[in-house]
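Heads up, the sequence shown is in UniProt numbering, so the first residue is 1 and it goes up one at a time. All residues carry an ideal CB built from backbone N, CA and C; glycine is no exception. Here the structure comes first, spelled out in structure tokens, and everything after it is commentary.
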Amino acid sequence: MLVLKCSKPAWALRSRKTAIPLKSADICEHHNVSCNNYSNFQQSTMGRKFVVGGNWKMNGTKAQINEILGFLKAGPLNADTEVVIGVPAIYLDYVKSNAPANVEVAAQNAYKAEKGAFTGETSPLMLKDIGVNWVILGHSERRQIFGESDELIAEKVAFALSNGLKVIACIGETLDERDAGKTEEVVFRQTQAIANQIKDWSNVVLAYEPVWAIGTGKTATPQQAQEVHQSLRQWISKNISPEVANAVRIQYGGSVTGANAKELGSQADIDGFLVGGASLKPEFVSIVNARQ
């Protein structure tokens, strides 16, 4: 194996006349990570497929949806990235029937029961019945606007998993909580509630979404986002298991755009994004391709 020291200038590497395999120095430059940190980047991301979710929220008509599906089909989308779009319930079947094969469809909510007197709710069984395999649960808007508690969200996560759905489970702090130095306390508490209800994390993606950065144009710096993701992974290792910590994918959500996705995606513990407004625009393709 050829080992290159990080101090080797890039121009010297490129001036070689003989063909050599791709080296860590080149990959460092491609992913915008220092060579000193590359081994950590490689080790920590190995085996965790990058996953980008688009949360359409309460947006879209059929005409608008066809435009979105058009740029998703045109792509091209990175084959090494898993893509999931969260669609309003009324359009799930339509989008499922018309989305490109390399794009999965998610519901934006599901209740913790198979059926019953729960007006306005959708059950995981109904979602599976129309071929939907993913659901987004615990989004900050569900917590803040509809008053969903940590416990209710955890119960919904557990029930969705038990009925064969894959779950994007959202966690994150408000601006007041961040300013009070409670980011880790809040994120750990929300994750603990889920851990109290489930044992198998193989079909769970965690989405860290700092509430103060959602739809505001404010974005956590890549370093701020990485710091929380790393702390969360360490907490999971200590309180759940090292195996879960190494395997679980943690997305970042909070005003992700085509302009900042590449730098955010270069962080070792960021395994994808949960994107809001930008998922309705053609720039979503460049966000999906952040790791290319």
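Would you kindly report the start and end of the unbroken alpha helix (DSSP H) that includes residue i?
i	result
residue 175	175–179
residue 250	Premise fails: residue 250 lies in the beta strand (DSSP E), 249–252, not in any alpha helix (DSSP H).
residue 272	From DSSP, residue 272 is part of no alpha helix (DSSP H) but of the beta strand (DSSP E) over 272–275.
residue 226	222–239
residue 71	62–74
residue 125	124–129
residue 264	261–265
residue 255	No alpha helix (DSSP H) holds residue 255; DSSP gives it neither H nor E.
Quick check on this structure: which residue in the options has the alpha carbon closest to the alpha carbon of residue i?
i	options	result
residue 110	117, 99, 103, 125	125
residue 77	66, 237, 178, 102	102
residue 156	225, 174, 195	195
residue 172	277, 55, 51, 254	254
residue 252	237, 219, 246	219
residue 269	225, 279, 288, 237	225
residue 213	280, 250, 274	274
residue 234	286, 188, 66	188
residue 146	59, 121, 135	121
residue 69	49, 58, 105	105
In angstroms with no decimal places, state the Cα-to-Cα distance between residue i and residue j.
i	j	result
residue 98	residue 91	11 Å
residue 204	residue 133	12 Å
residue 306	residue 266	Not covered by the structure: residue 306. The range shown for the chain is 1 to 292.
residue 86	residue 210	19 Å
residue 260	residue 117	44 Å
residue 123	residue 164	12 Å
residue 197	residue 107	21 Å
residue 240	residue 63	45 Å
residue 244	residue 51	17 Å
residue 166	residue 54	15 Å
residue 47	residue 192	24 Å
residue 177	residue 228	14 Å
residue 264	residue 285	15 Å
residue 277	residue 65	13 Å
residue 271	residue 57	22 Å
Between which two residues does the beta strand (DSSP E) containing residue i stretch?
i	result
residue 55	50–55
Please list, in chain order, all residues of the same chain as residue i whose beta carbon is under 7 Å from its beta carbon, the five residues on each side excluded.
i	result
residue 231	184
residue 130	92, 93, 96
residue 42	Only weak support is given to the placement of residue 42: the predicted model assigns it a pLDDT of 47, under 50, and the value that follows is read from those uncertain coordinates. So no residue of the chain qualifies.
residue 100	72, 73
residue 288	52, 77, 78, 81, 83
residue 113	123
residue 140	170, 172, 209, 211, 214
Kindly list the residues whose CB is nearer than 6 Å to the CB of residue i, restricted to its own chain and excluding five residues on each side of it in sequence; keep chain order.
i	result
residue 283	258
residue 201	244, 248
residue 175	212
residue 221	none
residue 237	245
Who are the Cβ neighbours of residue i in its own chain at under 8 Å, not counting the five residues just before and after it?
i	result
residue 169	137, 138, 153, 157, 194, 204, 205, 206, 207
residue 182	173
residue 161	167, 198, 200, 203, 204
residue 89	107, 108, 109, 122
Practice task
Quick one: which unbroken alpha helix (DSSP H) runs of 4-plus residues sit fully inside the region 77–111? Chain order, please.
Solution key: With a minimum length of 4 residues, the continuous alpha helix (DSSP H) runs that stay inside the region 77–111 are 92–98.
Handout entry: Length at least 3, wholly inside the region 138–213: the beta strand (DSSP E) runs in chain order
Key = The qualifying runs are 166–171, 204–208.
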